[in-house]
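full-length UniProt numbering puts the first residue of the sequence shown at 169, with every later residue one more than the last. Encoded as structure tokens, the structure appears first; notes follow it.
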Amino acid sequence: AFAVLVPQDLDGVRVVISAGGTREPIDPVRYLGNRSSGRQGVALAAEAAARGASVTLVAANIAQDVLAAASGVRVVPVATARELQDAMADAAPTADVIIMAAAVADYRPATVSTSKLTKEDGVLERIDLLENDDVVAGLAAARVPGQTIVAFAAETDPDAAARRDRARRKRERKGVDLLAVNLANEEHGFEKADNAVEIIGQEGAVVGEAAGAKRVVAAAILDAVVGLRASR
Ligand code: CTP
Ligand code: CA
């Protein structure tokens, strides 16, 4: 009975979603990571599939119990930012909609030790880093005509207006159609069941907002995608 209530407004639409958080190796047993669980991206994948989309989920280090919610979705597992970039580059040319929900490491260690770093070799004083490519900006630059591209931004500024201004600049800089800004704090965001987002569109307009379960937030983001596709 529930299934018939879900609008089939993404019927046949090819949606590629990245989710989770990349891990950048330091040595065989250590990495630089982040707190993304992948829940928001998995909720997007599940919601898009329920609405009739054909979904590919590029999953960066998502726990099996979280991933289980993405039924009927093709999953491509990746670990590092560069693996995620390659998987997205493979999937993007045939996508109608790309949603970059993954928390991609901004930097990676410049060298990866092939053996475990040990204090017997001396105390480690620093880890040199290299900047990773901006994956979504690259996908936007190589955009196929008609493709809709969505990025996320986790912002911690408690001031809503300042957060929105940063988000507007970020959307412009990355060349994406929509940017979902979420407030990462104690109640919302990373590792939390609930999320709160504001969706920024063309000219910086606020084209949607949602707060609550990640599936509810996912529905609002897909509503904005459907609205944008219908307007073109
Ligand atoms: N992103 C990406 N490639 C990166 C870093 C981020 O594709 N190397 C994507 C994320 O998946 C997200 C969006 O860019 O959709 C925004 O990420 P965010 O970390 O907020 O943006 P940055 O440009 O890295 O800015 P900041 O310095 O605020 O971290
Ligand atoms: Ca970043």
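Where a beta carbon is used, it is the ideal one built from N, C-alpha and C, also for glycine. All values derive from a computational prediction rather than experimental measurement.
Where do the ends of the alpha helix (DSSP H) carrying residue i lie?
| i | result |
| --- | --- |
| ALA249 | 249 to 259 |
| LEU212 | 207 to 218 |
| ASP333 | 328 to 342 |
| LEU178 | Here LEU178 belongs to no alpha helix (DSSP H), and DSSP marks it neither H nor E. |
What first and last residue would you give for the beta strand (DSSP E) that runs through residue i?
| i | result |
| --- | --- |
| VAL375 | 374 to 381 |
| ALA308 | From DSSP, ALA308 is part of no beta strand (DSSP E) but of the alpha helix (DSSP H) over 303 to 309. |
| LEU285 | Looking at the DSSP string, LEU285 is not in any beta strand (DSSP E), and its letter there is neither H nor E. |
| VAL318 | 316 to 323 |
| VAL365 | 362 to 368 |
| ASP195 | 192 to 195 |
| VAL234 | First-last for VAL234: 232 to 235, but that is the alpha helix (DSSP H), not the beta strand (DSSP E). |
| GLU299 | 297 to 299 |
| LEU346 | 346 to 351 |
| SER222 | 222 to 228 |
| residue 137 | Past the edges of the chain, shown from 169 to 400, lies residue 137, and the structure says nothing about it. |
| ARG276 | 275 to 277 |
| LEU200 | 198 to 200 |
Use the C-beta contact count for residue i: other C-beta atoms within 10 angstroms, 16 or more gives buried, fewer gives exposed.
| i | result |
| --- | --- |
| GLU340 | exposed |
| GLY290 | exposed |
| VAL184 | buried |
| LEU235 | buried |
| ASP302 | buried |
| SER239 | exposed |
| ARG366 | Arg is not the amino acid found at residue 366; the sequence shown has Glu there. Flag for GLU366 reads buried. |
| ALA249 | buried |
| LEU178 | buried |
| SER204 | buried |
Measuring CA to CA, which of the options is closest to residue i?
| i | options | result |
| --- | --- | --- |
| LEU307 | GLY372, ASP345, SER281 | ASP345 |
| LYS360 | ILE367, LEU351, ILE368, GLU366 | LEU351 |
| ALA214 | GLN370, THR190, VAL280, VAL243 | VAL243 |
| ASN202 | VAL210, ASP254, ALA381, GLY188 | GLY188 |
| ALA335 | ASP301, ASP362, GLN370, THR190 | GLN370 |
| ARG324 | VAL318, ILE317, THR316, ASP333 | Just to set this straight, residue 324 is Thr in the shown sequence, not Arg. Minimum Cα distance to THR324 is reached at ASP333. |
| LEU212 | ARG397, ALA398, LEU390 | LEU390 |
| THR315 | VAL265, LYS287, ALA269, ASP362 | Looking at the sequence itself, residue 315 is Gln, so the reference to Thr does not match. Selected option, being the one with the closest Cα: VAL265. |
| VAL386 | LYS342, PHE320, ARG337, GLY343 | A small correction: the amino acid at residue 386 is Ala; Val does not occupy that position in the sequence shown. Of the candidates LYS342, PHE320, ARG337, GLY343, the one whose C-alpha sits nearest the C-alpha of ALA386 is PHE320. |
| THR190 | GLN253, GLN208, ALA381 | GLN253 |
| ALA388 | LYS342, VAL318, ALA330 | VAL318 |
| MET256 | ALA322, VAL223, GLN232 | VAL223 |
| ALA260 | VAL181, THR279, GLY380 | VAL181 |
| GLN208 | THR262, ARG397, ALA379 | ALA379 |
| THR286 | VAL210, THR262, PRO196, GLY220 | PRO196 |
| VAL210 | GLU192, ALA237, ASP233, THR279 | ALA237 |
| ALA322 | LYS342, GLY343, ILE368, VAL349 | VAL349 |
Compute the Euclidean distance between the alpha carbons of residue i and residue j, then round it to the nearest angstrom.
| i | j | result |
| --- | --- | --- |
| ASP296 | ARG276 | 8 angstroms |
| GLN176 | ALA217 | 9 angstroms |
| VAL394 | ILE194 | 41 angstroms |
| PRO245 | LEU225 | 8 angstroms |
| ASP362 | MET268 | 19 angstroms |
| ARG294 | VAL375 | 43 angstroms |
| SER399 | PRO313 | 15 angstroms |
| ALA310 | LEU347 | 18 angstroms |
| ARG331 | ALA227 | 27 angstroms |
| ASP327 | ASP274 | 24 angstroms |
| ALA381 | TYR199 | 30 angstroms |
| GLU288 | LEU298 | 26 angstroms |
| ALA305 | ALA263 | 16 angstroms |
Would residue i pass as an interface residue toward chain D - the criterion being a Cβ-Cβ separation below 8 angstroms?
| i | result |
| --- | --- |
| ALA305 | Absent here is chain D; the protein component of the structure consists of one chain. |
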